[in-house]
Amino acid sequence: MSDHTPLFARRIEQMRPSTIREILKVTAQPEVISFAGGLPAPELFPVAEVRAAADEVLVQHGSRALQYSQSEGYPGLREWIAAEVGRRGIKAAMDDVLVTNGSQQVLDLAGKLFLNPGDVVLTENPTYLAAIQAFQTFEARFVPVPTDEHGLIPEALPALIKQHRPKFLYTIPNFQNPTGITLTAARREALARIAAEHKLLVLEDDPYGKLRYHGADIPPIKHWDTAGQVLYASTFSKTIAPGLRTGWVVAPPEIFSRLLILKQASDLHTSSFDQLVAYTYLTKFDQTAHLEKIRRAYGERYEVLDGALRAAMPAGFSWTKPEGGMFLWITGPANLDALELLQRAIAKKVAFVPGRDFFPADAGKNYLRLNYSNSTPERIREGVSRLAALCRG
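The opening residue of the sequence shown carries number 827 in our numbering; numbering runs sequentially from there.
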């Protein structure tokens, strides 16, 4: 190789490392109380049911479960997903559903399909850091959409569309990561209408929609999509277990066919065994009862976290009031440096994610994301006590 030929592709130079990866090295220590990772509670995984489902799959399907399979996904699982999203207000048939390796793969496939270097992606402000990383891989530019306590503001979209000609809008309408905010029904309907009028593609990412513990469910944005402008992605990572790596996207035919080509080139297909285990679990066991168990636990943990913050945090700090999901977003005083606070927090055996990683541009120094799904109420109280003492100091 010539001395003048770079070894690495240009795109890797634009990707910034994630603070979370470094934090997770610390939080692997059992004495550290972690509000950092976006992890479900492992003690709530349906281990016995998944084990029974796996046994049945191997007995009933044997070698088929261990063989290569269709790139689109197992037909039975695709039918189940189509029926499930139908119950949430989305008109979909099996042929609209592509099974993926978690919903994260949907982000990668969308980047491959739509983005050329320099293309614009609209996002909430802040947004999911792994989406930023996924789209950075394809040298995208990010333009934030103004966002308030009710989610992104649809009325801001027409001007942004005219100015930037974005390839698509990426949004998490339910219990957003990192803020926990939920987009209102009125704004979802307005967003779908604006997307149709301006031919704006919308990638709706909904990993947390079933984790509501307060308030009434709101139909997905896709429910109001009459023009085929919305792709709807979700996953079983939060409702069964992330180790199954099974998600999906609902897409119109002209987009589905191209996503399928990219899926084939990427990994041929999602694990046959994992798909069959998920399908058997979903059809043979009481998923509704399991979801209710998760909701109760996460709802309790949120209430404990909110109560501990209200009791201990000093003046100048405020936080969101999520109705579901796994995250809460803290705004600190303007002069707060969350990275510096993190270093002091780690020394006291408590961890969180600084907010800057969730902003496409260099911003967010005074924000913190706290995860409450992965800690017991007792550890939540102790963790907040340590964190609040550092904020007061």
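Yeah, the Cβ is synthetic: ideal placement off N, Cα and C, and Gly gets one too.
Got a sec? Which residues, its chain only, sit under 8 Å from residue i by beta carbon, not counting five neighbours each side?
i            : result
residue 1081 : 939, 1057
residue 1157 : 1143, 1144, 1145, 1192, 1193
residue 1161 : 1192
residue 1094 : 894, 897
residue 1105 : 900, 902, 903, 906
residue 919  : 908
Residues in the same chain with beta-carbon distance under 6 Å from residue i, minus the five sequence neighbours each way, listed in chain order, please.
i            : result
residue 1150 : 1001, 1037, 1038, 1039
residue 1121 : 1039
residue 860  : 853, 1177
residue 1020 : 980, 983
residue 1044 : 1011
residue 1175 : 857, 858
residue 958  : 1186
residue 978  : 950, 971
residue 1205 : 859
Residue i: buried (16+ other C-beta within 10 angstroms of its C-beta) or exposed?
i            : result
residue 1069 : exposed
residue 833  : exposed
residue 827  : Note that residue 827 scores 49 on pLDDT, short of 50, meaning its location in the model is unreliable and no value can be drawn from it.
residue 1223 : With the chain represented from 827 up to 1219, any question about residue 1223 goes unanswered, as that position is not in the structure.
residue 1030 : buried
residue 872  : buried
residue 839  : exposed
residue 1210 : buried
residue 1103 : buried
residue 1041 : exposed
residue 797  : Not covered by the structure: residue 797. The range shown for the chain is 827 to 1219.
residue 1066 : buried
residue 944  : exposed
residue 1096 : buried
residue 767  : Because the chain spans 827 through 1219 in this model, residue 767 falls outside it and cannot be assessed.
residue 992  : buried
residue 966  : buried
residue 960  : buried
residue 987  : buried
Nearest CA to the CA of residue i: which residue from the options?
i            : options                : result
residue 1183 : 856, 1110, 839, 862    : 862
residue 837  : 952, 962, 951, 932     : 962
residue 1046 : 1124, 1091, 912        : 912
residue 1170 : 1212, 1206, 1155, 1159 : 1212
residue 893  : 1099, 995, 919, 1076   : 1099
residue 1148 : 910, 1131, 948         : 1131
residue 1180 : 1198, 849, 889, 1093   : 849
residue 916  : 1115, 981, 1018, 1159  : 1018
residue 1034 : 1153, 870, 874         : 1153
residue 910  : 1076, 1200, 1025       : 1076
residue 964  : 955, 985, 1117, 942    : 942
residue 1112 : 864, 879, 868, 851     : 879
residue 1085 : 1136, 1135, 921, 882   : 921
residue 1135 : 1155, 994, 1109, 995   : 1155
I want to see whether chain B comes within less than 8 Å of residue i, judged by CB atoms only; does it?
i            : result
residue 1097 : Note that chain B does not occur in the displayed structure, where there is just one protein chain.
State the Cα-Cα distance for the pair residue i and residue j, rounded to the nearest angstrom.
i            : j            : result
residue 929  : residue 1059 : 6 Å
residue 1007 : residue 887  : 42 Å
residue 1219 : residue 1129 : 25 Å
residue 972  : residue 1092 : 34 Å
residue 927  : residue 937  : 15 Å
residue 1050 : residue 1014 : 8 Å
residue 1167 : residue 1214 : 11 Å
residue 908  : residue 923  : 7 Å
residue 947  : residue 1054 : 18 Å
residue 856  : residue 1027 : 44 Å
residue 1196 : residue 866  : 13 Å
residue 998  : residue 969  : 16 Å
residue 974  : residue 1164 : 21 Å
residue 1071 : residue 1062 : 8 Å
residue 1138 : residue 1203 : 15 Å
residue 1207 : residue 1140 : 16 Å
residue 951  : residue 877  : 41 Å
residue 1127 : residue 870  : 13 Å
residue 884  : residue 890  : 9 Å
residue 925  : residue 1004 : 25 Å
residue 1064 : residue 1073 : 10 Å
residue 1116 : residue 831  : 55 Å
residue 874  : residue 1199 : 21 Å
residue 1016 : residue 976  : 13 Å
residue 1230 : residue 1022 : As displayed, the chain neither begins before 827 nor continues past 1219, which places residue 1230 out of reach and without an answer.
residue 1217 : residue 1133 : 17 Å
residue 985  : residue 1024 : 11 Å
For residue i, which residues in the same chain have their Cβ closer than 7 Å to its Cβ, ignoring the five residues on either side in sequence?
i            : result
residue 835  : none
residue 1190 : 952, 1181, 1182, 1184
residue 1078 : 1054
residue 1172 : 852
**Prompt:** Residue ranges of each beta strand (DSSP E) run of no fewer than 3 residues wholly in the stretch 992–1059, ordered along the chain?
**Reply:** Correct list: 994–997, 1027–1031.
**Asked** Where are the beta strand (DSSP E) runs, 3 residues long or more, that stay fully inside the stretch 1146–1172, in chain order?
**Response** Whole beta strand (DSSP E) segments, 3+ residues: 1153–1157.
**Request:** Any chance you could list the beta strand (DSSP E) runs of at least 3 consecutive residues sitting entirely within the stretch 859–947, in chain order?
**Result:** Secondary structure in the stretch 859–947: the beta strand (DSSP E) runs of 3 residues or longer, each lying completely within the stretch, are 923–926 in chain order.
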